[in-house]
Amino acid sequence: MVDKTDKKLSVSRQCSLLNISRSGLYYEHSGESGRNLDIMKAIDRIHTCYPFYGFRRIRNELRNYGFNVGKKLVIRLMKLMAIEVIYPKKNTSVPNCEDRIYPYLLRGLPVERSNQVWEMDITYIGMEHGFMYLAAIIDVHSRMVVNWDISNTMEAGWCKEIVAEAVAKYGAPDIFNTDQGSQFTSNVFTGYLLDNKIKVSMDGRGRAKDNIFIERLWRSVKQENIYLNAYETGHELFAGLTVIEPVEIKRILIFTTQNAVINISTSLNNHHLIINVQ
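Mapping to our numbering: the sequence shown position 165 is 165, numbers consecutive.
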């Protein structure tokens with residue numbers, strides 16, 4: 001946003017107009033330490049096996065892994081990894097006042113055809129050095145993965161582009177369901193859905209059954225692909241997910257239909273790489 005070559009406005013003036021700190025403009029995030037990255041990988045494995053574990057039980061499990069950690073670090077890393085515990089609980093979170101939280105539209109709704117309801121979610125993927133995020137959209141009726149992508153950030157624009165690619169290929173769904181993550185509640189994301197006459201549905205925080213199919217997808221992909229391969233770069237990760245053979249897809253996505261498996265294979269092989277890897 002700040003143009004250091006602008007001769008009319010100084011950097012200080014631009015920062016003032018944008019309401020950002022000038023010192024922050026030159027700050028480069030050092031990233032997580034090697035120890036924290038190892039802890040994040042352990043948290044991911046624990047959460048994949050026990051998605052109902054809260055930060056206290058995850059902290060206790062981490063100690064069994066040899067990590068003597070406190071609850072503040074566990075909570076911070078879980079937030080960074082976009083991990084939310086799956087169990088019914090009261091919604092005590094205060095949403096961003098600038099973003100609208102849309103109602104949940106799937107309660108009691110019979111899903112009887114493809115393109116009626118799509119669901120989207122994002123998960124953490126541990127790398128040999130660092131981590132990435134994997135996002136996917138599933139058609140609830142057919143269980144087909146209509147689009148997916150990886151990135152090193154969870155930005156609303158990235159999520160919108162994934163949806164736009166899927167809509168261009170398969171047409172718009174009637175309802176699009178997500179959680180209440182800031183990338184999904186942003187006007188950039190919801191605005192695109194509304195502009196395309198798509199009804200916006202959002203899970204209640206911590207609902208145990210929302211996005212259940214994507215949760216199964218994450219567990220299967222991680223246990224049968226990610227954990228078995230030491231991907232070092234985003235390009236290696238993308239290639240490793242893209243070249244999954246149909247027979248492997250059938251084994252991983254055991255809840256899909258035969259037609260869905262064929263469609264997933266085609267989608268993966270024709271997928272266009274949109275990735276920003278440092």
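Positions of the beta carbon are idealized from the N, C-alpha and C atoms, including for glycine.
- Counting C-beta pairs with one atom in each stretch, the stretch 130 to 137 and the stretch 149 to 159 have three or more that are closer than 8 Å, which means they touch.
- Assigned with DSSP and collapsed to three states, residue 140 falls in coil, not helix or strand.
- By the beta-carbon neighbour count (other beta carbons within 10 angstroms, threshold 16), residue 33 is exposed.
- Residue 216 and residue 37 have their C-alpha atoms some 24 Å from each other.
- The stretch 102 to 117 and the stretch 60 to 75 do not touch, with fewer than 3 CB-CB distances between them shorter than 8 Å.
- For residue 33, the secondary structure class from DSSP, reduced to helix, strand or coil, is coil.
- For residue 119, there is no enclosing alpha helix (DSSP H); the enclosing beta strand (DSSP E) has its first and last residue at 117 to 126.
- A residue is called buried once 16 or more other Cβ atoms fall within 10 Å of its Cβ, and residue 59 is buried on that count.
- Three or more Cβ pairs closer than 8 Å define a contact, and the stretch 138 to 148 falls short of that threshold against the stretch 45 to 52.
- Positions of the beta strand (DSSP E) runs, each at least 3 residues long and wholly inside the stretch 150 to 215, are given as 175 to 178, 199 to 202 in order along the chain.
- In this structure, DSSP gives residue 69 a state outside helix and strand, which the three-state scheme calls coil.
- Between residue 192 and residue 164 a beta carbon distance of about 7 Å is seen, short of the 8 Å cut, so the two are scored as contacting.
- Across the set 147, 223, 74, 172, the C-alpha of 172 shows the shortest separation from the C-alpha of residue 197.
- Per the C-alpha coordinates, the member of 152, 120, 175 positioned closest to residue 31 is 152.
- For residue 233, there is no enclosing alpha helix (DSSP H), since its DSSP letter is neither H nor E.
- Within the DSSP secondary-structure output, residue 145 pairs in a beta bridge with 138.
- In the three-state scheme derived from DSSP, where H, G and I count as helix and E and B as strand, residue 78 is classed as helix.
- For residue 138, the closest alpha carbon among the candidates 129, 128, 149 is that of 149.
- Proximity to residue 162 across 115, 122, 77, 114 peaks at 122, based on C-alpha coordinates.
- The beta carbon of residue 83 is closer than 6 Å to those of 47 in its chain, skipping five residues each way along the sequence.
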